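full-length UniProt numbering numbers the first residue of the sequence shown as 1 and each following residue consecutively. To start, the structure under review is shown below, and the notes come after it.
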Amino acid sequence: MPIRQLPADLINRIAAGEVVERPASVVKELVENAIDAGSSRIVITTAGGGKALIRIEDDGHGMDRADLVLSVERHATSKLSVDDLDDIRTLGFRGEALASIGSVAELSVSSRTAKAESGLRIDVRNGIRSGPLPQAMNRGTIVEVRNLFANVPARLKFLKTDRAEAAAISDVVKRLAMANPSVHFVLNGTDRSPSNWPAITGSGALQARLAQVIGDDFALNAATLATSRHGVVVAGLAGLPTYTRANSLSQFYFVNGRSVRDKVLVGAVRAAYADYTFRDRFPVVALYIAIDPGEVDVNVHPAKAELRFRDAGAVRSAVIRAIGEALAAAGFKASTSVAE
Ligand code: ADP
Ligand code: MG
1 MPIRQLPADL INRIAAGEVV ERPASVVKEL VENAIDAGSS RIVITTAGGG
51 KALIRIEDDG HGMDRADLVL SVERHATSKL SVDDLDDIRT LGFRGEALAS
101 IGSVAELSVS SRTAKAESGL RIDVRNGIRS GPLPQAMNRG TIVEVRNLFA
151 NVPARLKFLK TDRAEAAAIS DVVKRLAMAN PSVHFVLNGT DRSPSNWPAI
201 TGSGALQARL AQVIGDDFAL NAATLATSRH GVVVAGLAGL PTYTRANSLS
251 QFYFVNGRSV RDKVLVGAVR AAYADYTFRD RFPVVALYIA IDPGEVDVNV
301 HPAKAELRFR DAGAVRSAVI RAIGEALAAA GFKASTSVAE
């Protein structure tokens, strides 16, 4: 067969596989956009485990006509300048999410800036845009995604039950809420009753948000982390050794405001609790690391859940010491000194 240049719509659909794996990844991208837009309230509504509908409404800065049209184009982003890759401070930066979603679902984006007299709406079907048309709305942005993967049957087949996809959405929103206590989150459609976590600011905001999301129980049975060592700031809550779970699903890790999975952090937590030997039990932990963005590479994985620390040793020892000190202050003294 001769070599052909692929049509843009097909390129987008292939690329979409990397960004949009399942409904929960759509929710993550859209809520991150809302956070990047400086929103103070984000309402997430889903139906059918996110396959039938995902709707995200925010009260952020919105987009004007030109930006709205550009927002669904591939590699269009307002968040990255050419030599910025080493210093990323926003959650998004690839300019791929909306274009990808528009190629694998029915997408509509409505937006209104503070200056605009009304909102505007665009629709994307099979990667083809129509609009903008006027849309009555408040300041902010509303994104609706319907019939996800209806045009990619192979992908649709691999999705789990509505209930399992809804649970994954709920987990994603929980993590985003934990990372952003000053934002009011409302989540409808993944559970019998909606989750409603009003904004919290001021000192102790993190702890209060964790109490909202994980439960008052956890906050009452945890020691507060608050240390800084070699440029690694450690905050959050470390569950008391008497408050454990049968699996590690209640261990949450954040680096510079992003929920992450990372072996260095998991290993450090395991080491920090090693002396309190629980057999097959896991401490509940919400660990927040703040570090110079130049010290981490978040560009490792398209979904950005994985990262690489430049100095993993420094991070590991900062975490071990932070937890050790917090537990000691709560009256749990390690019997031997933990290997850093
Ligand atoms: P990225 O977030 O990587 O820049 P996206 O495809 O997610 O790429 O979004 C493209 C652009 O659309 C963003 O850079 C931003 O300028 C704009 N945008 C998307 N969602 C919103 C929103 N909720 N509020 C304001 N602007 C938005
Ligand atoms: Mg984005």
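Even glycine gets a Cβ: it sits at the ideal position worked out from N, Cα and C. These numbers were taken from a predicted model, which means no experiment stands behind them.
As the crow flies, the alpha-carbon of Arg146 is around 15 Å from that of Glu165. For the region 183-245, the continuous alpha helix (DSSP H) assignments of 4+ residues that do not extend past its boundaries occur at 205-213 and 216-220, in sequence order.
For the 8 Å CB-CB criterion, Gly239 and Pro194 do not form a contact. Rounded to whole angstroms, the Cβ separation of Ala37 and Asp58 is 6 Å, and the two are in contact under 8 Å. Exclusion of Asn12 from the 7 Å shell around the ligand ADP follows from its C-beta lying no nearer than that to any non-hydrogen atom of the ligand.
In the three-state reduction of the DSSP assignment, Ser118 falls in the coil class, being assigned neither a helical nor a strand state. Relative to the ligand ADP, Leu98 has its C-beta within less than 7 Å of a heavy atom. With a threshold of 7 Å, the Cβ atom of Glu21 does not count as near the ligand MG, since no heavy atom of the ligand is closer than that.
Restricting attention to beta strand (DSSP E) runs no shorter than 3 residues, the region 128-188 encloses them at 128-135, 140-146 and 184-188, ordered along the chain.
Beta-bridge annotation (DSSP): Ser259 is paired with Phe254. For Arg310 against Val296, the beta-carbon gap comes to about 7 Å, under 8 Å, which counts as contact. Taking a cut-off of 8 Å for Cβ pairs, the region 41-52 and the region 186-204 touch, as three or more such pairs fall below it.
In the three-state scheme derived from DSSP, where H, G and I count as helix and E and B as strand, Leu30 is classed as helix. Per the coordinates, the alpha-carbon of Asp171 lies some 14 Å from the alpha-carbon of Ala286. When Asn12, Arg125, Arg65 and Gln207 are compared, the shortest CA-CA separation from Gln135 is found for Arg65.
According to the DSSP assignment, Ile42 belongs to the beta strand (DSSP E) that extends over Arg41 to Ala47. For Lys174, the number of other beta carbons within 10 angstroms of its own is at least 16, and it is reported as buried.
Within the model, the alpha-carbon separation for Gly50 versus Val143 is close to 13 Å.
Taking Val298 as reference, the option from Ala328, Val260, Asn126 and Tyr288 with the minimal CA-CA separation is Val260. With a threshold of 7 Å, the Cβ atom of Asn33 counts as near the ligand MG, since some heavy atom of the ligand is closer than that. Excluding residues up to 5 positions away in sequence, Val285 lie with their Cβ nearer than 6 Å to the Cβ of Val269 in the same chain. Gln207 counts as buried, since at least 16 other C-beta atoms from the protein chains shown sit within 10 angstroms of its C-beta.
Only residues of its own chain outside the window of five on either side were considered, and among them Ser71 and Val72 have a CB closer than 6 Å to the CB of Leu98, listed in chain order. Under the DSSP assignment, Asp67 falls in the alpha helix (DSSP H) whose first and last residues are Arg65 to Ser71.
Less than 8 Å divides the Cβ of Ser111 from the Cβ of Thr141. For Pro293, the three-state secondary structure derived from DSSP is helix.
By the C-beta density criterion, Leu265 is buried, having at least 16 other C-beta atoms within 10 angstroms.
Taking 8 Å as the cut-off, the beta carbon of Ile291 is found closer than this to the beta carbon of Val255.
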